Amino acid sequence: MDLQECIVKRRSTRNFSKGKVINKDTIETIIQAGMNAPSAKNRQPWKFLVLSDKSKLIKILYEKYDEIKETKDPGSLYTTTKCIENCSHIILVFNNQLSTYYHDREFRRHRWLADVQSIGACIENMLLTCEALGIGALWVCDVFYADREIVTEYNRTDELIAAIAIGEKASTKYSKKYLVEFGQAVEWL
Ligand SMILES: Cc1cc2nc3c(=O)[nH]c(=O)nc-3n(C[C@H](O)[C@H](O)[C@H](O)COP(=O)(O)O)c2cc1C
Numbered sequence: 402m403d404l405q406e407c408i409v410k411r412r413s414t415r416n417f418s419k420g421k422v423i424n425k426d427t428i429e430t431i432i433q434a435g436m437n438a439p440s441a442k443n444r445q446p447w448k449f450l451v452l453s454d455k456s457k458l459i460k461i462l463y464e465k466y467d468e469i470k471e472t473k474d475p476g477s478l479y480t481t482t483k484c485i486e487n488c489s490h491i492i493l494v495f496n497n498q499l500s501t502y503y504h505d506r507e508f509r510r511h512r513w514l515a516d517v518q519s520i521g522a523c524i525e526n527m528l529l530t531c532e533a534l535g536i537g538a539l540w541v542c543d544v545f546y547a548d549r550e551i552v553t554e555y556n557r558t559d560e561l562i563a564a565i566a567i568g569e570k571a572s573t574k575y576s577k578k579y580l581v582e583f584g585q586a587v588e589w590l
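Take any residue in the sequence shown, count from 1 to its spot, add 401: that is its number in my numbering.
This is the structure in structure tokens:
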């Protein structure tokens, strides 16, 4: 599959085949692709925690949903958790640069923004590699509802940026709803 086709065809997978395991070599290939992303000052701020056993994470997310559902908007937390239940692996992606955010507030903010963008580029490389390999993937930020619990459970000192669910696609959809037309998104001077 050429790159342009891969970019156009990539869609979020929310329907994974239960019990289908993606092998370790393939997961390493996906992470290597992520690590080839550009990063601000080449800091490579990413750190990955690959969960083969995702049961604890899923439990934390369902418990958080039960805890908050009556008092605040749980958004898509429940549906996202349901979607990732059948995936093969979940990769938690962390920012390893927290200890470097010294100096003044503006410096910290700029550096943090650059590191988060770098990690976004890394995640997109991973998703495109999944697509090229015919593997399903879902970029998940609903983990933020339970970020403190997750960081505690896995003894992390770094900052949780996202999770990526990976697994065999149980179904494929290629249609995309564009909320913003090309002409509205792009201005030329
Ligand atoms: C930063 C980010 C966070 C996301 N978090 C979630 C999530 O928690 N749950 C989910 O189902 N999809 C999540 N998505 C996937 C988006 O909903 C999806 O990319 C969007 O609807 C466009 O669909 P497509 O990926 O199929 O093109 C996230 C995507 C991004 C970029």
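All residues carry an ideal CB built from backbone N, CA and C; glycine is no exception.
Here the structure is a predicted model, which means the values were calculated and not measured.
Drop a sphere of 10 angstroms on the beta-carbon of residue i, count the other beta-carbons inside from all chains shown, and report buried for 16 or more, exposed for fewer.
i	result
Q585	exposed
L561	buried
K455	buried
V587	exposed
T530	buried
T573	exposed
Hey, residue i and residue j: beta-carbon distance below 7 Å or not?
i	j	result
R478	D543	Strictly speaking, residue 478 in this sequence is Leu, with Arg absent from that position. Yes.
I492	I408	no
P446	Q498	yes
Y503	R512	no
Y463	P475	no
K442	D559	no
K612	Y546	This structure cannot speak to residue 612, because the chain is shown only from 402 to 590.
I520	I423	no
A563	M402	no
Look at the alpha carbon of residue i and the alpha carbon of residue j, and state the distance between them as a whole number of angstroms.
i	j	result
E507	S418	45 Å
L450	E550	15 Å
W435	I524	In the sequence on display, residue 435 carries Gly and not Trp. Taking the straight line joining both Cα atoms gives about 6 Å.
K425	S489	11 Å
N526	I469	34 Å
S413	W540	7 Å
K483	E471	19 Å
E582	E406	20 Å
K578	R415	16 Å
G420	I459	16 Å
N556	T430	26 Å
E486	V517	26 Å
K570	S500	38 Å
A613	N437	Since the first residue of the chain shown is 402 and the last is 590, residue 613 is not available in this structure.
I461	V552	11 Å
From which residue to which residue does the alpha helix (DSSP H) around residue i run?
i	result
I428	425–436
K465	456–469
I485	478–485
W513	506–534
Whole-angstrom Cβ separation of residue i and residue j, contact assumed at under 8 Å?
i	j	result
L528	A538	5 Å
K457	E554	6 Å
Over what stretch of residues does the beta strand (DSSP E) that includes residue i continue unbroken?
i	result
N496	490–496
F449	447–452
L404	Here L404 belongs to no beta strand (DSSP E); instead the alpha helix (DSSP H) covers 404–410.
A564	560–568
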